[in-house]
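All residue numbers for the sequence shown refer to the UniProt record's numbering, where the first residue is 1 and numbers rise by one.
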Amino acid sequence: PSSSLTHQGEITLRSAGPLNGVRMLPYFTSVLLVTSMSSVWAQDFNEERKTYKKSRARLGASSVHDGQVWSFVLTAILDEDCSLELSFLLDSSETAKDNHEQEKRFAMDMVDRLQGARLPTGRSLSSRVALLQYSSHVIKEQTLRDWRGSENFKNRITPIVYIGHGTYTTYAITNMTKIYQEESRPGSIKVVVLLTDGVSHPRNPDIFSAVADAKNLGIKFFTLGITRTANEPANRAELRLLASSPGSRFLHNLQDEDIVEKIFSEVVSMISRLSPEGKHKGKGMY
1 PSSSLTHQGE ITLRSAGPLN GVRMLPYFTS VLLVTSMSSV WAQDFNEERK
51 TYKKSRARLG ASSVHDGQVW SFVLTAILDE DCSLELSFLL DSSETAKDNH
101 EQEKRFAMDM VDRLQGARLP TGRSLSSRVA LLQYSSHVIK EQTLRDWRGS
151 ENFKNRITPI VYIGHGTYTT YAITNMTKIY QEESRPGSIK VVVLLTDGVS
201 HPRNPDIFSA VADAKNLGIK FFTLGITRTA NEPANRAELR LLASSPGSRF
251 LHNLQDEDIV EKIFSEVVSM ISRLSPEGKH KGKGMY
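Shown next as structure tokens:
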């Protein structure tokens, strides 16, 4: 048989038999069209798969890179000591006479407790300590620049005697704030432990303004009443306003059981929250 193309584009088979001249359906044209479209679809599908795989690879590489960067930063942070600058303000007024030695002992025991301390992350804690005592005037027994280690600190503090006049707590706070402004190191965590009987002299300047100025510099305040009298409602209310928040962590009494360990634990906990790794963890990043 032979074939020819009609004017309508159909294929006609011609044979010598009875089917000679019979026009067939456009079968071959349909097959060619379907084959071509299938080839195009397959090519598009393969291209999309390649693009998807490349996108996933880039996303995975980016995630790994970000994780590696943070891991490197965290390792560098943990390799450095966390700097704590701690100061004690000792009440040396006439009403504090019976508690003055206990105040000194508390400060020295705290310094001993801080030696070799580490944060929960394993990061070392490096401390510098200052101590002022106050009454009608302020005596700077040791500033941050004077720090030469715990033994030197105890040797300087052991022999000091109380002043024995009125209670001018504001002067102690303003003097300590100035020390931080002049001697503090960048990036350090600044903490004041204020020991007081909770009763200031009537002519004591505005204590709340002085504390606000210090807190605006990032200084955290622990307030310790030195007698049970400090726990009376009116006195405790004032001490609560002087302390940082929350009061459950920053307001205590020197007569409390295990007071050194309580304050030490609160200081370490606070530093953990304020440190770079603590802030990062708080954001749910690791």
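Positions of the beta carbon are idealized from the N, C-alpha and C atoms, including for glycine.
Note down the Cα distance separating residue i from residue j, rounded to an integer number of angstroms.
i: Gly122; j: Ala234; result: 41 Å
i: Gly166; j: Ser209; result: 20 Å
i: Asp197; j: Arg113; result: 24 Å
i: Gly116; j: Asn175; result: 29 Å
i: Thr199; j: Gln133; result: Note that residue 199 corresponds to Val in the displayed sequence, not to Thr. If I take the Cα positions, the gap works out to 16 Å.
i: Phe221; j: Glu151; result: 25 Å
i: Ser272; j: Leu84; result: 11 Å
i: His252; j: Trp147; result: 26 Å
i: Leu194; j: Leu254; result: 11 Å
Under 7 Å Cβ to Cβ from residue i, same chain only, skipping five residues before and after it: list those, please.
i: Leu33; result: Note that Leu33 has pLDDT 48, beneath the 50 cutoff, so the model's placement of it is unreliable and the number below is only indicative. There are no such residues.
i: Arg145; result: Glu183
i: Pro18; result: With a pLDDT of only 44 at Pro18, under 50, the local geometry of the prediction cannot be trusted, and the value read off the model is given with reservation. None.
i: Glu94; result: Gly164, His165
Tell me whether residue i sits in a helix, a strand or coil according to DSSP, three-state version.
i: Glu85; result: strand
i: Tyr134; result: strand
i: Ile157; result: helix
i: Thr227; result: coil
i: Met24; result: Because Met24 sits at a pLDDT of 44, beneath the cut-off of 50, its placement in the model cannot be relied upon, and the following sentence gives the value as read from the coordinates. If DSSP states are grouped into helix, strand and coil, Met24 belongs with coil.
i: Glu80; result: coil
i: residue 292; result: Outside the modelled stretch of the chain, which goes from 1 to 286, sits residue 292, for which no answer is possible.
i: Leu144; result: helix
i: Leu254; result: coil
i: Ser245; result: coil
i: Ile139; result: strand
i: Arg185; result: coil
Considering only C-alpha positions, which residue in the set the options is nearest to residue i?
i: Ile179; options: Val129, Ile163, Val267; result: Val129
i: Ala172; options: Ala96, Thr143, Ile139, Asn253; result: Ile139
i: Phe88; options: Arg105, Glu94, Glu257, Ile163; result: Arg105
i: Val111; options: Glu266, Leu241, Gln181, Gly149; result: Gly149
i: Pro186; options: His201, Leu217, Leu195, Ile157; result: Leu217
i: Val192; options: Ile207, Pro202, Leu131, Lys154; result: Leu131
i: Thr158; options: Arg228, Asp213, Ser92, Met108; result: Met108
Please list, in chain order, all residues of the same chain as residue i whose beta carbon is under 6 Å from its beta carbon, the five residues on each side excluded.
i: residue 305; result: In this structure the chain extends from 1 to 286, so residue 305 is not present and cannot be described.
i: Phe250; result: Phe222, Ala243, Ser244
Let's see if you can read the secondary structure: which residues bound the beta strand (DSSP E) around residue i?
i: Ile189; result: 189-196
Which residue comes first and which comes last in the alpha helix (DSSP H) that contains residue i?
i: His100; result: 100-114
i: Leu274; result: 259-274
i: Val199; result: It is not in any alpha helix (DSSP H) - Val199 carries neither H nor E in the DSSP assignment.
i: Thr167; result: Element bounds for Thr167: n/a, residue is neither H nor E.
Once you ignore the five residues that flank residue i on each side, which residues in its own chain have a CB closer than 8 Å to its CB?
i: Asp79; result: Confidence in Asp79 is poor, its pLDDT being 48 and thus under 50, which makes the residue's placement unreliable; the coordinate value appears in the next sentence. So no residue of the chain qualifies.
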